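Visitor: If you read the protein sequences in the order shown, they are chains L and U. The first sequence runs 1 to 262 under this note's numbering. The second sequence runs 1 to 103 under this note's numbering. Even glycine gets a Cβ: it sits at the ideal position worked out from N, Cα and C. Because the structure is a prediction, the values reported are computed rather than measured.
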Amino acid sequence: MRTIMLATVVALAPVAVHAQGSQFEHYQKMVAEGSPAELFAVEGEALWKKPQGPKHASLEKCDLGRGPGVLKGAYARLPRYFKDADRVMDLETRLLYCMETLQGRDRKEALKRPFGNADKPSEMEYLSAYIALQSRGFKLNPGLSHPKEREAYELGKALFHTRTGLWDFSCTTCHGTPGKRIRSSELPVLDDPKTVRPLMATWPAYRVSNSTFKTMQWRINDCFRQMRTPEPDFGSETVNAVNMFLTATARGATYRGPGTKR
Amino acid sequence: MPGPMKMRATLAAGYTDVRVLMSHPMETGQRKGPDGKPVPMHFIQNVTVKVNGKTVIEGQTSQAVSRNPVFAFRLKGGQKGDKIEISWRDNEGESNSTEAAVA
Numbered sequence: 001m002r003t004i005m006l007a008t009v010v011a012l013a014p015v016a017v018h019a020q021g022s023q024f025e026h027y028q029k030m031v032a033e034g035s036p037a038e039l040f041a042v043e044g045e046a047l048w049k050k051p052q053g054p055k056h057a058s059l060e061k062c063d064l065g066r067g068p069g070v071l072k073g074a075y076a077r078l079p080r081y082f083k084d085a086d087r088v089m090d091l092e093t094r095l096l097y098c099m100e101t102l103q104g105r106d107r108k109e110a111l112k113r114p115f116g117n118a119d120k121p122s123e124m125e126y127l128s129a130y131i132a133l134q135s136r137g138f139k140l141n142p143g144l145s146h147p148k149e150r151e152a153y154e155l156g157k158a159l160f161h162t163r164t165g166l167w168d169f170s171c172t173t174c175h176g177t178p179g180k181r182i183r184s185s186e187l188p189v190l191d192d193p194k195t196v197r198p199l200m201a202t203w204p205a206y207r208v209s210n211s212t213f214k215t216m217q218w219r220i221n222d223c224f225r226q227m228r229t230p231e232p233d234f235g236s237e238t239v240n241a242v243n244m245f246l247t248a249t250a251r252g253a254t255y256r257g258p259g260t261k262r
Numbered sequence: 001m002p003g004p005m006k007m008r009a010t011l012a013a014g015y016t017d018v019r020v021l022m023s024h025p026m027e028t029g030q031r032k033g034p035d036g037k038p039v040p041m042h043f044i045q046n047v048t049v050k051v052n053g054k055t056v057i058e059g060q061t062s063q064a065v066s067r068n069p070v071f072a073f074r075l076k077g078g079q080k081g082d083k084i085e086i087s088w089r090d091n092e093g094e095s096n097s098t099e100a101a102v103a
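1) Please list the partners that G34 of chain L has in chain U, where partner means a Cβ-to-Cβ separation under 7 Å.
2) Comparing C-alpha positions only, which one of L:C171, L:M99, L:S58 and L:V88 sits nearest to N221 of chain L?
3) Short of 6 Å in beta carbon distance, which residues of its chain neighbour P2 of chain U, apart from the five on each side in sequence? Order them along the chain.
4) Would DSSP call A201 of chain L helix, strand or coil?
5) So, does the CB of P4 of chain U fall closer than 7 Å to a CB anywhere in chain L?
6) Using the Cβ count rule (16 or more neighbours within 10 Å means buried), how would you classify Q30 of chain U?
7) Is R67 of chain U close to chain B? Criterion is C-beta to C-beta, closer than 7 Å.
8) Taking 6 Å as the limit between beta carbons, can you name the residues of its chain near G104 of chain L, skipping five residues before and five after?
9) Please determine if the region 119-131 of chain L and the region 179-198 of chain L are in contact, where contact requires at least 3 C-beta pairs separated by less than 8 Å.
10) Let me make sure I understand the geometry here. Which of U:H42, U:K54 and U:G59 has the alpha-carbon closest to that of E92 of chain U?
11) Starting from M216 of chain L, trace the alpha helix (DSSP H) in both directions and tell me its first and last residue.
12) Going by other Cβ atoms of all chains shown within 10 Å of its Cβ, with 16 needed for buried, is G137 of chain L buried or exposed?
13) Once the 5 residues before and after L117 of chain U are set aside, which same chain residues still bring their CB inside 7 Å of it?
14) Per the contact definition of three or more C-beta pairs closer than 8 Å, is the region 195-205 of chain L in contact with the region 228-241 of chain L?
15) Compare the beta carbon distance of P142 of chain L and T247 of chain L with 7 Å and say whether it is the shorter of the two.
16) Does V21 of chain U come out as helix, strand or coil in the three-state DSSP assignment?
17) Would DSSP call R181 of chain L helix, strand or coil?
18) Rank U:M22, U:Q45 and U:K83 by C-alpha distance to the C-alpha of T10 of chain U and give the top, closest one.
19) Let's test the definition: count the other Cβ atoms within 10 Å of the Cβ of Q23 of chain L and tell me whether it reaches 16, buried, or not, exposed.
20) If we require 4 or more residues per run, which alpha helix (DSSP H) segments fall completely within the region 67-135 of chain L?
21) Considering only their Cβ atoms, is the gap separating T254 of chain L from A118 of chain L smaller than 7 Å?
22) Note down the Cα distance separating K6 of chain U from L39 of chain L, rounded to an integer number of angstroms.
23) Which word fits E58 of chain U, buried or exposed, when buried means at least 16 other C-beta atoms lie within 10 angstroms of its C-beta?
24) Report the partner residues of T55 of chain U according to the DSSP bridge assignment.
25) Could you list which residues in chain U have their beta carbon closer than 9 Å to that of S184 of chain L, in chain order?
26) Could you tell me whether any non-hydrogen atom of the ligand ADP is closer than 6 Å to the CB of K148 of chain L?
27) With DSSP collapsed to three states, give me the class of P38 of chain U.
28) If I follow the unbroken alpha helix (DSSP H) through N243 of chain L, where does it start and stop?
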């Protein structure tokens with residue numbers, strides 16, 4: 001009996017070391033120093049300034065909510081309502097809007113590859129790395145005053161709790177109870193500000209395991225894919241609403257992305 | 001054309017912390033592409049660090065290093081404004097370099 005007890009204590013010892021921060025957090029801290037996300041930001045800056053499309057214009061006059069071309073702190077204030085488009089937009093939806101209006105690009109052409117891979121990252125990925133980086137230190141503060149913003153929030157909240165798809169999953173199936181995980185990834189509870197804040201403060205992010213930069217739209221899209229629902233359209237009301245719900249729940253968190261994920 | 005590099009060199013008590021990011025595919029030669037053929041080896045072979053023109057590190061790296069590697073090291077001493085230059089060369093003869101002043 002005594003030996004068994006001893007063995008148990010030894011086995012538990014390494015867990016105790018990481019009592020305040022889990023091993024995942026420890027690993028995340030290690031990879032966050034010198035994240036390749038910065039390399040994506042460098043490319044993103046060049047892309048932001050590069051004239052493209054039939055109008056041969058750059059995105060430099062794109063208004064992300066703080067005035068044309070103002071990037072400082074802009075990401076932290078998204079999603080929000082844009083009068084010119086008469087809808088709630090997150091960063092990538094807004095970028096797409098600017099590509100269509102400022103650069104005169106065809107929607108289909110601009111969305112040929114919304115999500116890239118390691119060998120060929122997408123335009124959206126480079127741009128969101130560049131833009132998000134300039135909100136470091138700003139508090140997440142999405143628009144919640146306009147009726148359409150509140151509508152998006154309510155829709156996002158409803159979508160979050162609604163079961164759907166082949167497996168009858170809702171977001172809460174994975175992200176509703178504490179302590180769940182898939183393999184070595186923790187599944188944070190996404191309607192609790194405490195657990196959403198550190199998350200929304202670090203998306204978009206570089207993903208070490210497949211050397212790619214992932215945008216928030218990709219994150220939401222991929223969750224839908226894993227739930228076996230049809231994938232939502234890029235920049236759709238659905239994705240914006242879910243993003244609005246998550247960002248609003250994380251409101252007040254200090255943005256410290258683009259982050260680095262496993 | 002090789003992707004960007006990014007370096008940061010900060011002075012601490014008696015040493016300089018240097019961290020450099022490099023964009024590189026770092027192909028091992030073990031991976032198969034979508035066409036089923038192996039993707040040829042393509043990796044950084046040499047990394048050189050110069051401080052004010054004087055070579056202080058000449059390193060050899062292998063395929064074991066990840067894509068978009070980050071290298072971090074400490075240099076003894078150093079002072080603000082020292083020019084640090086880091087360059088790499090890969091097995092296909094491509095190269096890139098960046099420089100920064102110690103801050």
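Guide: Per the coordinate set shown:
1) Neighbours of G34 of chain L on chain U, chain order: R19, L21, V70 and A72.
2) Measuring from the Cα of N221 of chain L, the nearest candidate turns out to be L:C171.
3) Once the five neighbours on either side are set aside, the close Cβ partners of P2 of chain U are E94 and N96.
4) A201 of chain L: coil per DSSP, three-state reduction.
5) At least one chain L Cβ lies under 7 Å of P4 of chain U.
6) Counting Cβ neighbours within 10 Å, Q30 of chain U comes out exposed, since fewer than 16 surround it.
7) Of the protein chains in this structure, namely L and U, none is chain B.
8) Cβ-Cβ distances below 6 Å link G104 of chain L to G53, P54 and K55 in the same chain, with the five nearest sequence neighbours on each side left out; the list follows chain order.
9) With the cut-off at 8 Å, the region 119-131 of chain L and the region 179-198 of chain L do not touch.
10) Distance check between E92 of chain U and each of U:H42, U:K54 and U:G59 places U:H42 closest, using alpha-carbon atoms only.
11) That run of the alpha helix (DSSP H) goes M216 to Q226.
12) Residue burial annotation: G137 of chain L is exposed, with fewer than 16 other C-beta atoms found within 10 angstroms of its C-beta.
13) What the structure shows of chain U is the stretch from 1 to 103, and residue 117 of chain U is not part of that stretch, so it cannot be assessed.
14) Taking a cut-off of 8 Å on C-beta distances, the region 228-241 of chain L does not touch the region 195-205 of chain L, as fewer than three cross pairs fall below it.
15) Taking 7 Å as the cut-off, the Cβ atoms of P142 of chain L and T247 of chain L count as close.
16) It should be noted that the sequence gives Leu, not Val, for residue 21 of chain U. Looking at L21 of chain U - three-state DSSP - the assignment turns out to be strand.
17) In the displayed model, R181 of chain L falls within a strand according to three-state DSSP.
18) Relative to the Cα of T10 of chain U, the nearest Cα in the group U:M22, U:Q45 and U:K83 belongs to U:K83.
19) Residue environment for Q23 of chain L: exposed (fewer than 16 other C-beta atoms within 10 angstroms of its C-beta).
20) Along the length of the region 67-135 of chain L, whole alpha helix (DSSP H) runs at least 4 residues long occupy 91-101, 107-110 and 123-133, reported in chain order.
21) No; because the gap between Cβ atoms is not below 7 Å, this pair is not in contact.
22) Cα to Cα, K6 of chain U sits roughly 7 Å from L39 of chain L.
23) In the assembly as shown, E58 of chain U is an exposed residue. Its beta-carbon has fewer than 16 other beta-carbons within 10 Å.
24) T55 of chain U has U:K50 as its beta-bridge partners, per DSSP.
25) The contacting residues do not exist; S184 of chain L stays about 18 Å from chain U at best.
26) Absence of the ligand ADP is noted for the structure shown, with no ligands found whatsoever.
27) Strand.
28) Counted as a single uninterrupted DSSP element, the alpha helix (DSSP H) harbouring N243 of chain L occupies residues E237 to T249.
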